[in-house]
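In our numbering, the protein residues as written are 112 to 204.
For glycine and all other residues, C-beta sits at the position ideal for the given N, C-alpha and C.
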Amino acid sequence: MIKYNQGTLDKLEAISEQGGYILRYERGTFQSGYCILEDKKVVVLNKFLQTEGRINTLLELIPQLEINPEQLDGGLQKLYAEAVSNSVSEDEG
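Here you go:
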């Protein structure tokens, strides 16, 4: 069960950063709350999202990123696996 608090947001941000992505919060018109610039490994999130919205957006986004779980710190590997498995179960549902 994922908790919607600042600590969880910090960990999700760390997953993308340790995976080699630059995470930025900017304003703009985002269809889904984020934009991925593949060649530069930059993820841009809508800066007007509240904490819960940022967490939901990152949970939706992380499974789409090319991240090697072995690059992540131990505690983040578990959260990464949870994010990916939630994505898989939603795709199957």
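| query | result |
| --- | --- |
| Could you name each continuous beta strand (DSSP E) segment of 3 residues or more that falls completely within the segment 121-192, going from the start of the chain to the end? | 133-137, 145-148, 153-157 |
| What is the DSSP secondary structure of asparagine 116, counted as helix, strand or coil? | coil |
| Are the beta-carbon atoms of leucine 170 and isoleucine 126 separated by less than 7 Å? | no |
| In terms of alpha-carbon separation, which member of Leu123, Asn116, Gly118 lies closest to alanine 194? | Leu123 |
| Just the C-alpha distance for glutamate 137 and tyrosine 145, rounded to the nearest angstrom, thanks. | 9 Å |
| Determine the burial state of arginine 135: buried for a count of at least 16 other Cβ atoms within 10 Å of its Cβ, exposed for fewer. | exposed |
| Any idea if isoleucine 178 is buried or exposed, counting beta-carbon neighbours within 10 angstroms, 16 or more meaning buried? | buried |
| Using the beta-carbon count (16 or more within 10 Å), is valine 153 buried or exposed? | exposed |
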